[in-house]
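Put into structure tokens, the structure is as follows:
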């Protein structure tokens, strides 16, 4: 609750006084989590996630005056980010080339199991991946997920169950059943 009050104070300072420091504080507070969220939704494609993050913030600034504070700023930004990720995936499916160079280069500090898990998550159908990331990574409730995705709470629960099952199957293909999720 305290974070939400601070977000509101910063947002009002930005809107009412044009306080760029307040905006920078909001950006620094929420961007790391949004970026991780977008990376997972976009299958680890760093450039796409960076572009979607910038688009998220541009839309947030445009719409901040209309935000009614019925949910947390974090939830609202997550919904905008989710829509930006969906649009980017649609663009990619429409034939636009995506920069895969960064995603293809393995990071030395990562463990193989983490790479396998991230690859398995990236390979899930979009709806499954969205619910799994929102619930298990972002720690959102099924009610928040339902609101963000425009689905029923029961649909969120069933998609999470199916996503976890599909993930276990994908991870089991390598011969080592993982219980990470």
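Numbering (the working numbering), first residue to last: 756 to 936.
Here a beta-carbon is modelled for each residue, glycine too, at the ideal position from N, C-alpha and C.
Just so you know, these numbers come straight off a predicted model, no measurement behind them.
According to the neighbour-count rule (16 or more other Cβ atoms, all chains shown, within 10 Å of its Cβ), is residue i buried or exposed?
i	result
residue 821	exposed
residue 866	In this predicted model, residue 866 has a pLDDT of only 37, less than 50, meaning its place in the structure is not dependable enough to derive any value.
residue 916	exposed
residue 773	exposed
residue 886	buried
residue 832	buried
residue 767	exposed
residue 863	Note that residue 863 scores 34 on pLDDT, short of 50, meaning its location in the model is unreliable; the coordinates nonetheless yield the value given after this. So residue 863 ends up on the exposed side.
residue 809	exposed
residue 758	exposed
residue 811	buried
Check this for me: beta carbons of residue i and residue j, under 9 Å apart or not?
i	j	result
residue 829	residue 891	no
residue 836	residue 807	yes
residue 798	residue 877	yes
residue 881	residue 841	yes
residue 819	residue 770	yes
residue 792	residue 873	no
residue 889	residue 904	yes
Starting from residue i, trace the alpha helix (DSSP H) in both directions and tell me its first and last residue.
i	result
residue 768	757-772
residue 833	828-848
residue 923	908-927
residue 891	No alpha helix (DSSP H) holds residue 891; DSSP gives it neither H nor E.
residue 818	801-818
I need the DSSP call for residue i, collapsed to helix, strand or coil.
i	result
residue 824	coil
residue 794	helix
residue 878	coil
residue 896	coil
residue 776	helix
Could you round the C-beta distance between residue i and residue j to whole angstroms and report it? I think they count as a contact, below 8 Å.
i	j	result
residue 911	residue 901	5 Å
residue 884	residue 907	Incorrect: roughly 18 Å between the Cβ atoms, too far for contact.
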